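Chains A and B, in that order, are what the protein sequence lines are. Per this note's numbering, residue 100 is the first one in the first sequence, and the count goes up by one each step. Per this note's numbering, residue 6 is the first one in the second sequence, and the count goes up by one each step. Each residue gets a CB set at the ideal place from its N, CA and C atoms; glycine is no exception. Given the structure is predicted, the values throughout are model-derived calculations rather than measurements. First up is the structure itself, then whatever we jot down about it.
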Amino acid sequence: MKTVILNGLKNGNRREPEMSRLLVEEISSLGHSADLLNLEGIRIAPCTGCFGCWVKTPGACVIDDPGRDVARAALHCDLLVFLTPVTYGGYSSELKKAVDRMIPLLSPFFVRIGEEIHHRPRYPKYPPILGVGLLPAPDPEQERIFRTLVGRNAVNYHSPFHEATVIGPGGEETLRRVLRDVIERCGGR
Amino acid sequence: MTDAPKRVLLLVGSPKGSGSTSEALGTYLLEQLEGQGVETEVARIVPFLRSEEGRNKLLHSVAGADLLILASPLYADSLPSGVTRLFEIIGAQGKEKPGFSGTGFAAVINCGFPEARQCDTAIAICRCFAKEAGMEWMGGLVLGGGESIGGRPLREAGGVARNARKALDLAAAALAGGRQVPDEAVSLMAKQTVSPWLYTVIGDIGWRLRARKHKAGKRMKDRPYLP
């Protein structure tokens, strides 16, 4: 089983690199592969909202930079992990930049899902999403927003299922448990 | 915010430059505020973020305003990365020199889906940012079906922008008096002017026409990342 981790953490915080390492080690210990993409070190241009990926070069961003590779990697995995400091309830700008550039993975055409309109899938299969947010102290409002956002992304990206967890200091064991549960749901052991 | 704002800064979150629906909504709101004697300034966020000098300039404008209004599109269920980056920069600055008490923050978010409520998570993030930065939350407006305005100035957008104009008129009257955006404005802005069915039919035709214009009409379902 292949996991891709979009790491939106910054190296300035001592605790944060430890969390990405923990994720990789845990996935490896379960016998699966983990590709850790440290977004801070990858030069990705922000999405310009031009919709060229739908009407000029369908399926690929018109900007030919590593943002295309990140989008491709986010599609070709069995589990996609968003790792980020919870930023006002949302993702860090580094992770958000990568997620914004994933829009070519969808079709421009509309489809109804439940009570809402969304974009149709372009591909037959998308990975489940696990959102891992770090918070220095409990904040129920930010946690609620984060969980909602991960859930909404999962609907838009036609993920078969999703999970979101917010980890505070000392939450390493919680992260291990959530990760093991999600991997089991993905069919891994 | 009980005092009437003297200086309002419109932060445009769309990276498109001119002709965005976000800017159309924001500038209409500013015009109403100007009519009530408020001094206004417009800043498109993304170009300012490209250099240290630009960031400092933008922060200077932010510090000089007593009401910030964010007008932004919805990107992947929340704010575009450029807006998030600005929030991070303001947040980091606030830790060093707290001083946004008395500054109001309001947001106008639009999305390309018919349901305005798809913007609710972005509004929640804005509200959270305002609170953490020590600003006063002055309210948020959400608009669905933003593509029907298509970046046109609101006065020229006809019936599809009727509710948006009324909502922004109400919001401007309240904000100019130092009051929160009223519930009536929120409801009006979120009201659908076109049925979701019709919106998606017209939308799908629109995508096909745009792709044909770029000679990509037959490639719209391409899957370049299939192995």
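Inspect the beta-carbon positions of residue i and residue j and report whether they are closer than 8 Å.
i        : j        : result
A/Ile104 : A/Leu122 : yes
A/Val169 : A/Leu136 : yes
A/Leu248 : B/Thr126 : yes
B/Met194 : B/Ala169 : yes
A/Gly158 : B/Pro229 : yes
B/Tyr204 : B/Gly155 : no
A/Val154 : B/Ala221 : yes
A/Leu260 : A/Arg284 : Checking the sequence, you will find Phe at residue 260 of chain A rather than Leu. In this structure, A/Arg284 lies closer than 8 Å to A/Phe260 by Cβ.
A/Gly188 : A/Glu240 : yes
A/Cys149 : A/Arg200 : no
B/Ala112 : B/Leu180 : no
B/Ala166 : B/Val147 : no
B/Glu152 : B/Gly117 : yes
Counting only the same chain and skipping the five closest in sequence on each side, list residues whose C-beta sits under 8 Å from that of residue i.
i        : result
B/Asp71  : Met6, Asp8, Pro10, Lys11, Arg12, Val13, Gly107, Thr108 and Gly109
A/Pro116 : Leu108 and Asn110
A/Thr147 : Ile162
B/Gly164 : Thr198
A/Ile293 : Lying before the first or after the last residue shown, residue 293 of chain A is absent from chain A, which here runs from 100 to 288.
A/Thr264 : Leu229, Gly230, Val231, Gly232, Thr273, Leu274 and Val277
Count the other CB atoms, across all protein chains shown, that sit within 10 Å of the CB of residue i; report buried if there are 16 or more and exposed otherwise.
i        : result
B/Leu91  : buried
B/Val17  : buried
B/Gln37  : buried
B/Gln41  : exposed
A/Ala236 : exposed
B/Trp212 : buried
B/Ile95  : buried
B/Asn61  : exposed
B/Pro119 : buried
B/Trp142 : buried
B/Pro232 : exposed
B/Lys223 : exposed
B/Leu214 : exposed
Determine the direct distance from the alpha carbon of residue j to that of residue i, and round the result to whole angstroms.
i        : j        : result
A/Ala133 : A/Lys101 : 6 Å
B/Gln185 : B/Cys133 : 16 Å
B/Ile207 : B/Ala68  : 43 Å
A/Val281 : A/Val198 : 21 Å
B/Gly144 : B/Glu46  : 20 Å
B/Val43  : B/Ile130 : 27 Å
A/Arg243 : B/Ser83  : 14 Å
A/Arg219 : A/Ala172 : 20 Å
A/Arg211 : B/Ala48  : 36 Å
A/Cys176 : A/Ser192 : 23 Å
B/Cys124 : B/Arg55  : 27 Å
B/Thr89  : A/Ser127 : 32 Å
B/Lys218 : B/Gly24  : 19 Å
B/Asp227 : A/Ile202 : 14 Å
Return the chain-ordered list of same chain residues with a C-beta closer than 6 Å to the C-beta of residue i, the five sequence neighbours on each side being excluded.
i        : result
B/Ala190 : Ala172, Leu175 and Ala176
A/Leu278 : Glu125
A/Tyr256 : Tyr225
B/Leu34  : Leu173 and Ala177
B/Met225 : Ala216
Can you find the residues in the same chain that come closer than 7 Å, C-beta to C-beta, to residue i, ignoring five residues on each side of it along the sequence?
i        : result
B/Pro158 : Ala29
B/Pro20  : Val51, Pro85 and Gly87
A/Tyr222 : Leu174 and Leu204
B/Pro187 : Leu175 and Ala179
Three-pair Cβ contact test at 8 Å for the region 127-143 of chain A versus the region 203-215 of chain A: no
Does the region 28-40 of chain B touch the region 70-85 of chain B, meaning 3 or more C-beta pairs lie closer than 8 Å? yes
Would you say the region 242-262 of chain A touches the region 224-232 of chain A, given that touching needs at least three Cβ pairs under 8 Å? yes
Within 8 Å, do at least three Cβ pairs link the region 212-223 of chain A to the region 269-286 of chain A? no
With contact counted as at least three CB pairs below 8 Å, one residue from each stretch, are the region 175-183 of chain A and the region 231-241 of chain A in contact? yes
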